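Going letter by letter, the sequence shown gives residues -25 to -1, 1 to 93 in mature numbering (1 follows the signal peptide of the UniProt record, and there is no 0).
Ideal Cβ positions, reconstructed from N, Cα and C, are used throughout, including at glycine.
On a predicted model such as this, the values are computed, not experimentally measured, just so you know.
Structure, as structure tokens:
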Amino acid sequence: MPLLSFKPRFVFLLFLASTILLSAARLSTASSANGSNSHWIEDDEDSEHPTMESSLWEDHRRALAQNQKYISYSALKKNSVPCNKKGNSYYNCNSRQKANPYNRGCSKVTNCYRYTDL
């Protein structure tokens, strides 16, 4: 009867922990044997191996450089407002239409009432 005194939950947790440790040991020996994941792990701060984060930033930088779209110098000027007309959005300054006209559906609360003289 002493063998039945173990609770099934404890046995399950022990089995789960041993499985996780075994799989982690297999992964670490496999990656160190072939060196496949060595460029994703940074040992210390001065390491020259690229990390995943730095390689992603490098990919974004290259994509932006290939796109070759530039911000104008007038957009970079300090204290300048792109559109001086009150109520207009920045990207719709020169057109006569509203940039994003408000359009709502008819509901029981509003009784299909709309402000048309804005």
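Measuring straight from C-alpha to C-alpha, what distance separates residue i and residue j?
i: A38; j: W32; result: 10 Å
i: F(-11); j: S30; result: 38 Å
i: S(-3); j: A(-9); result: 10 Å
i: K(-19); j: A(-1); result: 28 Å
i: D34; j: L(-13); result: 43 Å
i: I(-6); j: F(-16); result: 15 Å
i: R36; j: N86; result: 52 Å
i: Y48; j: L2; result: 52 Å
Counting C-beta neighbours from all protein chains within 10 Å, is the total for residue i 16 or more, i.e. buried, or is it exposed?
i: C81; result: exposed
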